[in-house]
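Numbering (our numbering), first residue to last: 12 to 106.
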């Protein structure tokens, strides 16, 4: 509790919440980076872009690297990758 990793619930004094100090800016950067990458893809005509050129873009709103956000979005299923003759293609998932 002294390190700030456990906080006591107000409702029941025998229950605790797990917390990480100063996680707010990281979570804000994560959500803004997701929105920025999805917005970039949604502005395209077919909502797809080569992964190599997408990795070269710079994000304005997130301190995290664009590759981190791409892996996060692919892992969550919001972006799908398709192998083409020119390389991997990132496409917004319609599911």
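Every residue, glycine too, gets a C-beta built ideally from N, C-alpha and C.
Since this is a predicted model, take the numbers as computed values, not measurements.
Quiz prompt | For residue 99, the first and last residue of its enclosing beta strand (DSSP E) | solution = In this chain, the beta strand (DSSP E) harbouring residue 99 covers 98–103.
Self-check item: Option nearest residue 51 by Cα separation, candidates 69, 87, 75
Solution: Residue 69 is the option with its Cα nearest to residue 51.
Exercise. Identify the continuous beta strand (DSSP E) that holds residue 90 and give its terminal residues.
Key: Taken as a continuous stretch (DSSP letters only), the beta strand (DSSP E) holding residue 90 covers 90–95.
Quiz item: With distances taken from CA atoms, which of 53, 43, 57 is nearest residue 80?
Solution: Looking at the Cα atoms, 43 is the closest of the given residues.
Practice problem: Taking only beta-carbon positions, decide if residue 98 is within less than 8 Å of chain B. | Solution: As a matter of chain content, chain B is missing from the structure shown, which is built from one protein chain.
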